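With positions in the sequence shown counted from 1, the corresponding number in this note's numbering is that position plus 13.
Reviewing the structure listed below.
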Amino acid sequence: MEIESKNVSSSPNKVKSGVGIPAYHDNDVLCGRGQSANIHPGNVAFRALVQGRLEEFNSQPNTGEGNILKSKITQSVVDHIRFLDPPGRFL
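Now the structure itself:
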């Protein structure tokens with residue numbers, strides 16, 4: 014199945030290919046470099062959330078039980094973003 018590519022508005026919150034996420038919102042975490050991703054409200058909140066859990070994460074050993082706890086901490090950060098209203102997405 015071939016997907017037709019369309020040009021969408023050149024607005025900074027639009028996907029140019031016309032396929033996928035048409036717009037993002039303030040709870041989304043944008044993957045990218047530069048100031049636009051850096052100052053996006055979702056990224057600012059994500060960095061604060063990660064910073065708040067960093068000491069707990071780093072205090073865990075890198076073996077066995079510590080790795081299990083690190084995975085749980087990481088998953089809790091992802092879950093926090095995804096359970097916001099509207100749900101945050103990692104884009």
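Heads up, the beta-carbon is just placed ideally off N, CA and C, and yes, glycines get one too.
Since the model is a prediction, treat every value here as computed from it, not as a measurement.
Assumed close pair residue i, residue j - CB separation to whole angstroms, cut-off 8 Å
i: Leu114; j: His53; result: With the chain covering only 14 through 104, there is no way to say anything about residue 114.
i: Asn40; j: Ile94; result: 7 Å
i: Lys83; j: Phe96; result: Their Cβ separation, rounded to whole angstroms, is 20 Å, which puts Lys83 and Phe96 out of contact at 8 Å.
Status (buried if at least 16 other CB within 10 Å, exposed otherwise) for residue i
i: Phe59; result: buried
i: Gly79; result: exposed
i: Gly77; result: exposed
i: Gly33; result: exposed
Any chain D beta carbon closer than 8 Å to residue i
i: Val90; result: Structure shown: chain D not included; a single protein chain is present.
DSSP beta-bridge partners of residue i
i: Phe96; result: Beta-bridge pairing links Phe96 to no other residue.
Write down every uninterrupted run of the beta strand (DSSP E) in the segment 35-93 whose length is 3 residues or greater and which is fully enclosed by it, in chain order.
Runs found: none.
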